[in-house]
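Please read the structure below before turning to the comments.
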Amino acid sequence: MAKVFRSTFDQLYDGQHTGRYRLDQLFKTEKTHFGTLIEINLQREFRFDDGDVLDFNIAGHEVDCKYSHSGAWMLPLESFDQLILGLSADDRRSEWSAGIVRVTEANRRTSENRDKKTGLNSYGRQQVRWLHHLAPMQPNALLQLPTASVERIFAQRSGQARLNELFRVATNCRLSRNIVATVAQQDDYMKRVRYNGGSRSALRPEGYLILGGDYSAQRDLAGALAVAVPEPGEFVSLQVVPADIPGPGSVEMDGGLWRVAAAGERISGPAPRLAHGNG
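Reading the sequence shown from the start, the letters are residues 272 to 550 in the working numbering.
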């Protein structure tokens with residue numbers, strides 16, 4: 272379910288074409304549309320049947336799907352005495368939650384808004400049966416970097432320059448393919464990462480190594496270097512320097528022994544080149 276939340280955020284941001292990566296950059300109608308999108312994407316992922324009255328039929332039960340960024344689900348009359356699947360997510364914290372509760376009279380507020388909708392009362396919130404509560408999802412690296420670093424990235428004029436700056440400032444971070452697309456804002460964004468003119472070539476003289484999670488050998492390198500291990504579809508950038516002696520945190524690459532550079536350490540030469548065929 273975590274990947275459905277991640278893909279729904281990314282679908283709304285449409286970063287490759289807009290450069291957007293956070294909720295406050297969306298129009299009000301787009302934010303409202305999140306609930307509809309997450310419902311559609313969940314049904315596609317889990318193949319829930321349509322309900323006769325409510326959104327889904329799950330194991331013979333009518334279930335209404337409700338999303339709120341804050342977890343304050345708005346409940347219409349048709350959900351009264353019915354089961355709801357309550358969803359919420361926080362992209363900045365990389366967390367999401369999903370719970371089941373029945374909207375009984377005891378569980379809901381007596382007050383209504385102008386649309387005749389209400390919400391759970393304090394007792395009702397305690398009755399939520401959490402399927403997942405504050406569970407992790409793939410991080411949005413642009414929300415975790417310092418604001419000044421993100422501004423440096425997007426201040427670059429070309430997509431390649433922005434991508435190079437991303438890999439400079441976001442070291443030891445899991446960078447999703449969508450983050451790469453958002454920063455590059457070009458159709459051939461994956462080409463901009465590779466050797467032969469991409470960021471791997473451009474940043475190699477500065478000691479940067481860009482590991483890709485699509486290759487088990489590169490995931491193993493990340494583990495041996497004791498840095499964040501990229502998942503499939505992700506990258507991790509790091510600066511490396513020659514290691515003096517073998518040991519934990521050092522690894523053989525390109526005919527030499529290497530380790531992760533310490534903060535502020537002088538870089539004396541180019542990074543090793545990743546083996547042909549896996550980068």
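The C-beta atom is built at its ideal place from N, Cα and C for all residues, glycine as well. Only a predicted model underlies this, so the values are computations on that prediction, with no experimental measurement involved.
Does the beta-carbon of Pro501 have 16 or more other beta-carbons within 10 angstroms, so that it is buried, or is it exposed?
buried
Checking the sheet assignment: what are the DSSP bridge partners for Trp344?
Paired residue(s): none; Trp344 is not in a bridge.
Compute the Euclidean distance between the alpha carbons of Ala360 and Pro543, then round it to the nearest angstrom.
40 angstroms
Can you tell me whether Ser470 is buried or exposed? The criterion is at least 16 other CB atoms within 10 Å of its CB, across all chains shown.
buried
Spatial neighbours of Ile329 within its chain, please: CB distance less than 7 angstroms, with the 5 preceding and 5 following residues excluded, ordered by chain position.
Phe319
Looking only at DSSP bridge pairs, what is Met524 linked to?
Gly527
Leaving aside the five residues before and after Phe280 along the sequence, list all residues of the same chain whose C-beta is less than 6 angstroms from its C-beta, in chain order.
Asp362
Cβ of Arg373 within 7 angstroms of Cβ of Gly395?
no
Nearest-angstrom Cβ-Cβ length linking Arg490 and Gln409, presumed shorter than 8 angstroms:
In fact, because the Cβ distance is near 15 angstroms, the residues do not count as touching under 8 angstroms.
Name the two residues that bound the continuous alpha helix (DSSP H) containing Gln397.
Ser393 to Gln397
Going by other Cβ atoms of all chains shown within 10 Å of its Cβ, with 16 needed for buried, is Asn549 buried or exposed?
Bear in mind that a pLDDT of 45 at Asn549, under 50, signals an unreliable position, so the number given afterwards is only what the model happens to contain. The residue in question, Asn549, is exposed, as its Cβ has fewer than 16 Cβ neighbours within 10 Å.
Can at least three beta-carbon pairs, one atom from the stretch 306-323 and one from the stretch 334-343, be found at a separation below 8 angstroms?
yes
In whole angstroms, give me the CA-to-CA distance for Ser420 and Val324.
49 angstroms
Report the three-state DSSP secondary structure of Phe276 (helix, strand or coil).
helix
Which residues does DSSP list as the beta-bridge partners of Arg373?
Leu354
Go through its chain and collect everything with a Cβ distance to Asp485's Cβ below 8 angstroms, but skip five positions before and after it.
Pro503 and Gly504
Please confirm whether Gly370 and Gly357 have their CB atoms less than 7 angstroms apart.
yes
Just to confirm, are Glu366 and Leu405 a CB contact at a threshold of 7 angstroms?
yes
Within its chain, find whatever has a CB closer than 7 angstroms to the CB of Lys302; leave out the 5 residues flanking it on each side and keep chain order.
Leu294
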